[in-house]
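Student: Handing you a structure now.
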Amino acid sequence: FLFLLPFSGMIFTPLYKAFKQPVGKNIGKAVKAGVIALILLNASWAAAFGAFWLAIIIALLLPLSLFLAKKFAVT
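Numbering (the working numbering), first residue to last: 65 to 139.
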């Protein structure tokens with residue numbers, strides 16, 4: 065559950081905004097958040113199968129991916 069709560073927050077906040085106002089900007093942010101949040105989903109899977117240290121390492125890739133997401137299109 066350690067990684068699922070941030071994953072849910074990352075996904076559902078922009079998704080809710082996109083549902084309320086379905087314009088291109090909001091939809092793009094929701095897609096970007098979904099793609100970036102896959103890192104936390106992978107960390108959740110690793111933790112679920114008992115590889116907790118590997119899950120931490122995977123989750124530590126999130127700041128790098130957020131930095132790279134500012135430089136490149138995420139779709």
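C-beta: ideal position from N, C-alpha, C; glycine also.
1) Can you give me the Cβ contacts of Lys96 inside the same chain, cut-off strictly under 8 Å, excluding the 5 residues immediately before and after it?
2) Can you tell which of Ala112, Phe76, Gly98 and Pro86 has its C-alpha closest to the C-alpha of Leu126?
3) Quick one: grab the DSSP three-state call for Phe67.
4) Whole angstroms are fine: how far does the CA of Gly92 sit from the CA of Ile103?
5) Please say whether Ala82 and Asn90 have beta carbons closer to each other than 8 Å?
Tutor: Taking the structure as given:
1) In the sequence shown, the residue the question calls residue 96 occupies position 32. Same-chain partners within the cutoff: Pro78, Ala133, Val138 and Thr139.
2) For this step, residue 126 is matched to residue 62 along the sequence shown. Considering only alpha carbons, the answer is Gly98.
3) As a position in the sequence shown, residue 67 is number 3, starting the count at 1. In the three-state scheme derived from DSSP, where H, G and I count as helix and E and B as strand, Phe67 is classed as coil.
4) If you number the sequence shown from 1, residue 103 lands on position 39. If you number the sequence shown from 1, residue 92 lands on position 28. So the alpha carbons of these two residues sit roughly 18 Å apart.
5) The residue you call residue 90 lines up with position 26 of the sequence shown. The residue you call residue 82 lines up with position 18 of the sequence shown. Cβ atoms of Asn90 and Ala82: closer than 8 Å.
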